[in-house]
Amino acid sequence: MQIRKGTADDLPEIRAISERTIELGCLVEDLDETTSIHARSVIELAVDAFSASVQSDNHSVYVAARDDNLLGYVIAIHDAPEIRWIVVDPAAQGTGAGKALMIAALDALAERGVRSNVRLTVPAANERAKAFYRKFGFMVTGPINDQKVPMIEMQRAA
0 MQIRKGTADD LPEIRAISER TIELGCLVED LDETTSIHAR SVIELAVDAF
50 SASVQSDNHS VYVAARDDNL LGYVIAIHDA PEIRWIVVDP AAQGTGAGKA
100 LMIAALDALA ERGVRSNVRL TVPAANERAK AFYRKFGFMV TGPINDQKVP
150 MIEMQRAA
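For what it's worth, numbering that gives the first Met the number 0 labels the leading residue of the sequence shown as 0, then goes sequentially.
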């Protein structure tokens with residue numbers, strides 16, 4: 000597996016990965032039309048964020064690839080500091096791609112002097128993601144109440 004900087008050329012695969020992953024990640028037990036519409040809007044947000052971030056000096060964007068196929072991506076915002084998106088294709092989950100992407104993002108922030116107070120958000124019901132983030136020192140800091148799908152914020156103390 001290779002971790003490299005993301006580029007605008009990656010956008011078609013980023014959209015496909017986002018569609019496969021976000022639709023699963025936004026699911027709740029009783030999927031209704033509102034939640035389904037929300038998942039589609041989140042996919043557009045993810046693709047737009049990737050497109051804008053690869054052109055920004057305030058963002059670090061990395062993709063994980065194997066044999067020229069993208070497995071996932073991460074966007075870190077330097078001045079926030081925040082992990083805005085970390086998305087791994089469901090078929091690549093459990094392969095170490097997410098771990099490698101998170102390390103790349105945290106290293107990019109550390110290179111800019113940011114080692115603590117890094118934030119991220121995650122669907123409240125996504126226990127697997129929360130456990131993953133805890134391995135990197137993120138702890139739940141509270142709910143985010145203005146979202147269609149219940150979300151929580153997590154923060155890394157060190």
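Here a beta-carbon is modelled for each residue, glycine too, at the ideal position from N, C-alpha and C.
Do residue j and residue i come within 8 Å of each other at the CB atom, strictly closer than that value?
{"i": "Val121", "j": "Ala128", "result": "yes"}
{"i": "Gln92", "j": "Arg118", "result": "no"}
{"i": "Ala63", "j": "Ala96", "result": "yes"}
{"i": "Asp106", "j": "Arg19", "result": "no"}
{"i": "Ile16", "j": "Ala99", "result": "no"}
{"i": "Ala7", "j": "Val53", "result": "yes"}
Residue range of the alpha helix (DSSP H) that residue i falls in?
{"i": "Ala109", "result": "Ala96 to Glu110"}
{"i": "Phe135", "result": "No alpha helix (DSSP H) holds Phe135; DSSP gives it neither H nor E."}
Just reading off the beta strand (DSSP E) that residue i is part of, what are its end residues?
{"i": "Met150", "result": "Met150 to Arg155"}
{"i": "Ala75", "result": "Asn68 to Ile76"}
{"i": "Lys4", "result": "Gln1 to Lys4"}
{"i": "Arg114", "result": "Per DSSP, Arg114 belongs to no beta strand (DSSP E) and is neither H nor E."}
{"i": "Ser59", "result": "His58 to Arg65"}
{"i": "Val86", "result": "Glu81 to Val87"}
Going by beta carbon distance, what residues of the same chain come within less than 6 Å of residue i, once the five residues before and after it are set aside?
{"i": "Glu12", "result": "Leu69"}
{"i": "Val73", "result": "Tyr61, Ile85, Leu100 and Ala104"}
Around the Cβ of residue i, are there at least 16 other Cβ atoms within 10 angstroms (buried) or fewer (exposed)?
{"i": "Ser59", "result": "buried"}
{"i": "Ala130", "result": "exposed"}
{"i": "Gly141", "result": "exposed"}
{"i": "Asn125", "result": "buried"}
{"i": "Met101", "result": "buried"}
{"i": "Asp29", "result": "Note that Asp29 has pLDDT 47, beneath the 50 cutoff, so the model's placement of it is unreliable and the number below is only indicative. Exposed, because fewer than 16 other Cβ atoms sit within 10 Å of the Cβ of Asp29."}
{"i": "Gly5", "result": "buried"}
{"i": "Ala159", "result": "Only positions 0 to 157 of the chain appear in this structure, which leaves residue 159 out of reach."}
{"i": "Arg83", "result": "buried"}
Looking only at its chain, what residues have a beta carbon closer than 7 Å to the beta carbon of residue i, apart from the 5 residues adjacent to it on each side?
{"i": "Leu108", "result": "Ala75, His77, Pro80 and Val117"}
{"i": "Arg111", "result": "His77"}
Looking only at its chain, what residues have a beta carbon closer than 8 Å to the beta carbon of residue i, apart from the 5 residues adjacent to it on each side?
{"i": "Thr10", "result": "The sequence as given places Leu at residue 10; Thr does not occur at that position. Excluding positions up to five away in sequence, the list reads Val46, Phe49 and Ser50."}
{"i": "Met158", "result": "Since the first residue shown for the chain is 0 and the last is 157, residue 158 is missing from the structure and cannot be characterised."}
{"i": "Ala156", "result": "Ser115, Asn116, Gly136 and Met138"}
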